[in-house]
Amino acid sequence: MNPRGVELSQLRRVVGLTSIAYIALPVALWMLGWLAPLFALIGIAALCTGTGLLASQIAASARRDKDGRRISRWEIAAVSIVVCIVIGLTGAGGFGVQTDDWLKHNAILSDLINQPWPVAYRTSAGPIALVYYVAYYLPAALVGKLCGWTAANLVLYGWTVLGGVLTVLWLVVLSRAPVWLCLLGFTFFSGLDAIGGWLRAAVSGAETWTSWTNNLQLEWWEGHWIIPGNLSLIAYVPQQALGGWLLTCLMIDGLRERTNRLPCVLIVALALMWSPYVAIGLGVLSVLSIVASGARIRTLAAGQLSLANLSGVIVGVICAVYFAARSAPVALADAYVSPPSAFERGAFAVGLHEMPPLKFALHYASSMLLEFGMLASLLALVYRRRPGERQILVASTVTLLALPFFHHGHFNDLVMRVSIPPLFALLVLTLTALATAPSRAIRFSLIALLTIGALHPATRLRINALTVARRGSVFQLSPVVSLFEMQLKVRDHWPYLYQYICPLDSFFFNHMARQAIPIDRDP
263 MNPRGVELSQ
273 LRRVVGLTSI
283 AYIALPVALW
293 MLGWLAPLFA
303 LIGIAALCTG
313 TGLLASQIAA
323 SARRDKDGRR
333 ISRWEIAAVS
343 IVVCIVIGLT
353 GAGGFGVQTD
363 DWLKHNAILS
373 DLINQPWPVA
383 YRTSAGPIAL
393 VYYVAYYLPA
403 ALVGKLCGWT
413 AANLVLYGWT
423 VLGGVLTVLW
433 LVVLSRAPVW
443 LCLLGFTFFS
453 GLDAIGGWLR
463 AAVSGAETWT
473 SWTNNLQLEW
483 WEGHWIIPGN
493 LSLIAYVPQQ
503 ALGGWLLTCL
513 MIDGLRERTN
523 RLPCVLIVAL
533 ALMWSPYVAI
543 GLGVLSVLSI
553 VASGARIRTL
563 AAGQLSLANL
573 SGVIVGVICA
583 VYFAARSAPV
593 ALADAYVSPP
603 SAFERGAFAV
613 GLHEMPPLKF
623 ALHYASSMLL
633 EFGMLASLLA
643 LVYRRRPGER
653 QILVASTVTL
663 LALPFFHHGH
673 FNDLVMRVSI
683 PPLFALLVLT
693 LTALATAPSR
703 AIRFSLIALL
713 TIGALHPATR
723 LRINALTVAR
733 RGSVFQLSPV
743 VSLFEMQLKV
753 RDHWPYLYQY
763 ICPLDSFFFN
773 HMARQAIPID
783 RDP
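Here the sequence shown is numbered in this note's numbering, starting from 263 and rising by one per residue.
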């Protein structure tokens with residue numbers, strides 16, 4: 263490496279190409295492990311074609327980038343060290359403190375290691391198959407098949423760190439902000455949950471100070487939906503956050519350089535095996551951003567007629583058929599069956615969450631204002647004469663404003679996960695504003711909002727660090743609890759297992775998949 267460091271234009275090329283490989287490699291592993299040979303050949307060919315074309319676009323754009331600013335090797339080392347520490351406190355691979363969601367992550371990783379692909383289970387009610395967006399786990403699972411459970415967890419930690427480092431470097435490239443500021447943004451970017459929690463505590467008569475200083479569930483202050491900050495996403499859903507962030511960066515990079523020719527379909531298709539919810543967020547965000555650019559519909563349509571997008575259609579259809587298998591009714595042994603009432607909370611709905619209009623309006627206004635509204639308003643002042651950034655700001659804000667009217671999932675996962683791309687786009691715009699905004703008042707206001715937002719992530723890091731210190735070890739592998747065991751515990755109020763399974767006689771597994779070998783799972 264040059265002693266003076268790496269030019270941002272060169273870093274952009276390296277990070278862009280590495281991000282594409284990071285996203286595409288697990289998708290290729292899934293195709294090889296799940297699809298019948300003919301469909302695997304078609305899928306791999308489409309995947310390689312689409313990602314190859316996207317990579318060539320990024321490389322060409324980087325060559326045209328004349329920004330001579332550099333990032334030193336010490337700054338890159340600092341990024342790696344800080345990300346290792348942050349990830350090392352939040353659960354990935356058994357490092358730090360694992361949230362309840364890691365019960366699921368560990369169960370899925372264990373099955374991917376210990377069972378043949380595609381993963382299937384034999385029950386007294388008939389064979390069923392695992393259907394989930396498994397991209398995040400597959401590199402670690404492949405190592406685990408060869409080297410065991412501990413090695414798989416170490417690889418999962420390293421894989422998570424790599425995704426985090428790429429994300430921070432993308433922030434540097436896209437925002438041109440200092441490295442230290444991008445690290446702070448990556449770690450502490452969040453809504454004003456401390457204020458929301460304080461308001462809720464004040465209304466309920468609870469102690470307002472402890473309402474946020476020791477509360478890891480503070481983001482639930484509104485009660486019907488949450489828009490999580492970065493650290494919460496790392497702690498709970500790295501399998502959705504990392505792919506979502508990197509694809510959002512690729513999308514923003516494409517929108518800035520080649521708005522009409524950004525292969526939106528390909529980017530959405532690549533997201534599916536990382537998270538269908540994130541794919542929805544990326545699709546909405548990219549379409550709204552392109553429309554907000556003011557280009558004519560005919561021009562927009564012509565720009566999307568590309569070989570890259572055709573490849574995306576093929577990849578997307580294969581993934582969609584796989585996920586569609588989960589829509590079929592599943593027969594389970596009586597011990598696992600959830601009552602009909604347990605399914606009601608997670609059903610898809612559009613409306614006011616069964617609240618009176620005035621109450622919904624109060625919840626909606628306070629939540630939108632504190633989660634991102636104040637920030638978006640300041641950014642609107644910064645970018646009022648910068649159409650490129652303004653179109654991304656408008657698209658992100660509109661997407662986030664629309665989400666609370668929807669509900670899907672036991673904890674309204676739709677809002678939590680579809681919000682990942684637009685919220686991360688706001689982070690990019692915020693860092694860009696701090697680096698370029700001429701107004702000292704606006705910069706001070708942005709810093710104030712970010713500081714208040716950082717209180718909750720800082721609380722999580724503090725509590726996790728204290729927990730690790732008391733435990734005396736940063737690395738600890740917990741016993742694996744299977745998806746079936748968890749279903750037994752919560753079946754009366756939460757159809758937990760149903761989120762991850764489908765009948766083995768579905769269209770996908772009958773006609774497109776490799777022969778599955780079910781493993782016994784009845785109690």
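Glycine is no exception: its CB is placed at the ideal position from the N, C-alpha and C atoms.
- Runs of the alpha helix (DSSP H) lying entirely within the region 697-776 and spanning at least 4 residues, in chain order: 702-715, 717-733 and 745-752.
- With respect to Leu655, Thr692 sits apart: the two C-beta atoms are not nearer than 8 Å.
- Residue Trp487 holds the alpha-carbon nearest to the alpha-carbon of Phe668 among Leu688, Leu717 and Trp487.
- Just so you know, the alpha carbons of Ile349 and Pro700 end up roughly 34 Å apart.
- Ser551 is classed as buried because its beta carbon has at least 16 other beta carbons within 10 Å across all chains shown.
- Of all alpha-carbon atoms in Arg384, Leu424, Cys310 and Ser629, the one lying nearest the alpha-carbon of Ile779 is that of Arg384.
- In the three-state reduction of the DSSP assignment, Arg332 falls in the strand class, which pools E and B.
- The Cβ atoms of Arg705 and Leu696 sit closer than 8 Å to each other.
- Closest in alpha carbon position to Val575, among Val527, Thr449, Arg722 and Trp483, is Val527.
- By the criterion of at least three beta-carbon pairs nearer than 8 Å, the region 495-503 is in contact with the region 380-398.
- Straight-line measurement puts the Cα of Arg588 at about 26 Å from the Cα of Leu418.
- In the structure shown, the three-state DSSP call for Leu509 is helix.
- Under the 10 Å beta carbon count, Asn772 is surrounded by fewer than 16 other beta carbons and is classified as exposed.
- With fewer than 16 other CB atoms across the displayed protein chains lying within 10 angstroms of its CB, Leu728 is exposed.
- Going by DSSP, Leu392 is part of the beta strand (DSSP E) stretching over Gly388 to Leu392.
- DSSP places Phe301 within a helical segment (H, G or I) once states are collapsed to three.
- In the DSSP assignment, Thr280 falls within the alpha helix (DSSP H) that extends over Leu270 to Trp296.
- Comparing alpha carbon positions, the residue from Ala533, Val427, Asn674 and Gln653 closest to Ser555 is Gln653.
- When the alpha-carbon of Pro765 is set against those of Thr429, Leu436 and Phe585, the nearest one is in Phe585.
- Under the 10 Å beta carbon count, Trp536 is surrounded by 16 or more other beta carbons and is classified as buried.
- Put simply, the region 666-680 touches the region 610-620. At least three CB pairs are less than 8 Å apart.
- Taking every protein chain shown into account, the CB of Leu662 has 16 or more other CB atoms within 10 angstroms, so this residue is buried.
- Between Ala369 and Leu594, the C-beta gap is not smaller than 8 Å, which leaves the two residues out of contact.
- The beta carbon of Thr311 is closer than 8 Å to those of Leu569, Ala570 and Ser573 in its chain, skipping five residues each way along the sequence.
- For His367, no pairing in a beta bridge is given by DSSP.
- The region 596-611 makes no contact with the region 320-336: fewer than 3 CB pairs, one atom from each, lie closer than 8 Å.
- Its chain contains Val441 as the residues whose beta carbon lies nearer than 6 Å to that of Glu337, once the 5 sequence neighbours on both sides are disregarded; these appear in chain order.
- Straight through space, the alpha carbons of Pro538 and Tyr598 are spaced by roughly 26 Å.
- With 16 or more other Cβ atoms inside 10 Å of its own Cβ, Ser658 counts as buried.
- Residue pairing of Tyr395 in beta bridges, as defined by DSSP: absent, with no partner found.
- Contact fails between the region 504-516 and the region 733-743, because fewer than three Cβ pairs, one in each stretch, are under 8 Å apart.
- In the DSSP annotation of this structure, the continuous segment of the alpha helix (DSSP H) that includes Tyr584 starts and ends at Leu569 to Ala586.
- Residue environment for Lys621: exposed (fewer than 16 other C-beta atoms within 10 angstroms of its C-beta).
- Residue pairing from DSSP places Asp782 in a beta bridge opposite Arg384.
- For Ile306, the CB contacts under 8 Å within the same chain, skipping 5 residues up- and downstream, are Ala290, Met293 and Leu294 in chain order.
- Two segments are said to touch when three or more pairs of C-beta atoms, one from each, lie closer than 8 Å; by this definition the region 742-757 touches the region 355-368.
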